[in-house]
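Notes follow once the structure below has been shown.
In the numbering used here, the protein residues as written are 107 to 347.
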């Protein structure tokens with residue numbers, strides 16, 4: 107991900123991610139992919155909140171759809187996807203890591219889904235993938251309480267599978283990808299499908315609702331207040347409506 111300074115997602119970059127994954131999907135010589143952030147501070151800070159500053163539901167609906175298309179395509183990749191979390195992973199930046207099969211974090215990395223702080227909600231799989239990985243309690247702590255996790259806590263609760271020293275996440279992810287290459291690609295594809303099958307029934311119903319409720323938040327005053335307060339660098343004044 108390369109969009110300095112914080113590697114935020116745009117409509118174009120989300121569409122590019124989807125296209126790249128589809129290209130890798132059809133290249134039978136590709137058995138794994140690794141996603142990381144450019145630079146040494148941010149994996150990704152998620153969506154640029156300026157997109158939502160004016161409360162435009164059309165923009166919200168379009169971006170929710172594009173986020174969903176990109177990250178669900180990543181989740182369906184027939185090979186193994188690995189996130190090398192080399193810094194802050196916030197909002198849609200954490201959601202792309204959650205869409206991967208495996209997550210490796212550097213020791214200084216921090217992770218959060220802070221959307222509710224600005225009157226929004228995670229609309230790219232976050233409410234579903236996080237709860238599936240770490241359980242309902244920790245998912246609620248992170249999403250409902252806005253709790254930000256350091257790498258050691260993320261490892262302890264199962265949000266990431268490994269923590270490595272600063273600057274080593276990409277190398278560790280690539281080394282793990284090499285191990286995937288030692289497996290039968292068809293077996294990996296079948297096993298991945300079976301592992302994920304256990305949650306697909308409820309997830310398929312929940313993901314469209316997630317995006318629908320995300321868009322519905324643009325009918326509230328808190329959505330506008332939250333985004334405006336963030337951009338104006340002040341504390342929001344909530345009206346719960």
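For every residue, glycine included, the Cβ atom is placed at its ideal position computed from N, Cα and C. The model shown is predicted, which means the values in this text are computed figures rather than measured ones.
Just the Cα atoms here: how many angstroms apart are residue 335 and residue 171?
Near 25 Å, if we compare the C-alpha coordinates of residue 171 and residue 335.
For residue 226, name the three-state secondary structure that DSSP assigns.
Residue 226 sits in coil when the DSSP states are folded into three classes, being neither helix nor strand.
Helix, strand or coil at residue 196 according to DSSP, with G and I counted as helix:
Reduced to three states, the DSSP call for residue 196 is strand.
Using a threshold of 8 Å, state whether the C-beta atoms of residue 191 and residue 211 are closer than that.
Yes, the pair counts as a contact, with Cβ atoms nearer than the cut-off.
Going by other Cβ atoms of all chains shown within 10 Å of its Cβ, with 16 needed for buried, is residue 220 buried or exposed?
Looking at its Cβ environment, which holds 16 or more other Cβ atoms inside 10 Å, residue 220 is buried.
Assigned exposure category for residue 245 - 16 Cβ within 10 Å defines buried:
Residue 245 should be labelled buried.
According to DSSP, is residue 134 part of a helix, a strand, or is it coil?
DSSP places residue 134 in coil when its eight states are reduced to three.
How far does the alpha helix (DSSP H) with residue 182 in it reach, from first residue to last?
Where residue 182 is concerned, the enclosing alpha helix (DSSP H) stretches over 163 to 182.
State the Cα-Cα distance for the pair residue 123 and residue 256, rounded to the nearest angstrom.
Note on geometry: alpha-carbon atoms of residue 123 and residue 256 lie some 27 Å from one another.
So, using beta-carbon positions, are residue 230 and residue 252 closer together than 8 Å?
Contact: no.
To the nearest angstrom, report how far apart residue 321 and residue 162 are at their CA atoms.
Take the alpha-carbon of residue 321 and the one of residue 162: they are about 9 Å apart.
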